[in-house]
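Each remark here refers to the structure printed beneath this line.
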DNA sequence: AATCCACACAACCGCCTTGTT
DNA sequence: CAACAAGGCGGTTGTGTGGAT
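Numbering (the UniProt record's numbering), first residue to last: 1 to 266.
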């Protein structure tokens, strides 16, 4: 049985740990190019890599695989993560199925470093209903606003659009906004998302599934009452998207607004 | 220039599920 | 049916890097 051989291999060979070297990466890429993915323990044994099968799998899936997308998450991707996390919680691999090219590890890291940071600043648990409410009522609508702003800016100054950044749709044609527009008038119902559906915001080639907005979330989206973040704290849409939603002042404003108003923090 | 600190992300660990013998 | 190993997943840790002091 090959699995027993795999276990023996782990005992016999002193396995390497820590960061992968260029040579190891090259070895793994070439081996997979020749033999394909899968059978990771067999791969680890036969490729000459002094790594566990698990380690090889992780390195390939999270880093070396050609369709892995590098770089900052777009506003649309951030929105989708928030939306899907609100439904499924920490089901990272499931969420990743809806963000082509993004790995569960990357999404998990985004959540921990960006989203949980916001929760800490609000002094709430990121898994609490309070924080989920904040995300739904404020964060997600703000992202929608920013997506529209970015699209408007791109439409007004097409020459300024970074050619490495895919163009965003114009505000009136933004798929998320369209979805919002078209579903506000009719009762929405949940349907299980279909993992085979690929969201492609950049060319708007696919429809967003109706599960994106529930009656609750539509209601929440209509409750965005905060003033826009001050212009001086947000240098640009990109900076804003990368640095988090609000400054500390604005976060305090959110808290106060709800403490005095007997809102969700009350 | 040196040190400290926060952040981002790659990598590891342990548990669970699934498939095979 | 039980035992075992592989693969997958989520949680956690380690480390490199850049900014602040």
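Just so it is clear, CB atoms sit at the ideal spot from N, CA and C, and this is done for glycine as well.
Hey, which unbroken runs of the alpha helix (DSSP H) at 4 residues or more fall wholly within the stretch 49–134?
List check, alpha helix (DSSP H) in window: 53–59, 75–88, 92–96, 104–110, 116–121, 129–134.
Buried or exposed, going by whether 16 or more other CB atoms sit within 10 Å of the CB of residue 67?
Counting Cβ neighbours within 10 Å, residue 67 comes out exposed, since fewer than 16 surround it.
Roughly how many angstroms lie between the CA atoms of residue 80 and residue 99, to the nearest whole one?
Spanning the two alpha carbons is a distance of roughly 8 Å.
Would you check if there are 3 or more beta carbon pairs closer than 8 Å linking the stretch 133–143 to the stretch 102–110?
No, the stretch 133–143 is not in contact with the stretch 102–110.
Quick test of your reading: residue 56 and residue 15, contact by CB under 8 Å. State the CB separation rounded to the nearest angstrom.
About 11 Å separates the two Cβ atoms, so there is no contact after all.
Specify, as a first and last residue, the run of the alpha helix (DSSP H) that residue 14 falls within.
First-last for residue 14: undefined, no H or E at that position.
Do residue 75 and residue 143 come within 8 Å of each other at the CB atom, strictly closer than that value?
Yes.
Would you mind sorting residue 41 into buried or exposed? The rule is 16 or more other CB atoms within 10 Å of its CB.
Its Cβ being crowded by 16 or more others within 10 Å, residue 41 is buried.
Compute the Euclidean distance between the alpha carbons of residue 120 and residue 30, then round it to the nearest angstrom.
So the alpha carbons of these two residues sit roughly 44 Å apart.
Out of curiosity, what's the CA-to-CA distance linking residue 20 and residue 32?
Distance between the alpha carbons of residue 20 and residue 32: 16 Å.
Give the secondary structure of residue 26 by DSSP, where H, G and I count as helix, E and B as strand, and everything else as coil.
Helix, per DSSP.
What did DSSP end up calling residue 39 once you bin it into helix, strand or coil?
In the structure shown, residue 39 sits in coil (DSSP, three-state: anything other than H, G, I, E or B).
Is DSSP giving residue 19 helix, strand or coil here?
Residue state, collapsed to three classes: coil.
Would you kindly work out how many angstroms separate the C-alpha atoms of residue 78 and residue 114, rounded to a whole number?
Roughly 10 Å separates the two Cα atoms.
Helix, strand or coil for residue 149, going by three-state DSSP, please let me know.
Helix at residue 149.
Is residue 38 closer than 8 Å to residue 44 when the C-beta atoms are compared?
No, they are not a contact pair.
Would you mind working out which of 86, 108, 122 sits nearest residue 93, comparing C-alpha positions?
The shortest C-alpha separation from residue 93 is found at 108.
Roughly how many angstroms lie between the CA atoms of residue 86 and residue 133, to the nearest whole one?
For residue 86 and residue 133, the distance between alpha carbons rounds to 9 Å.
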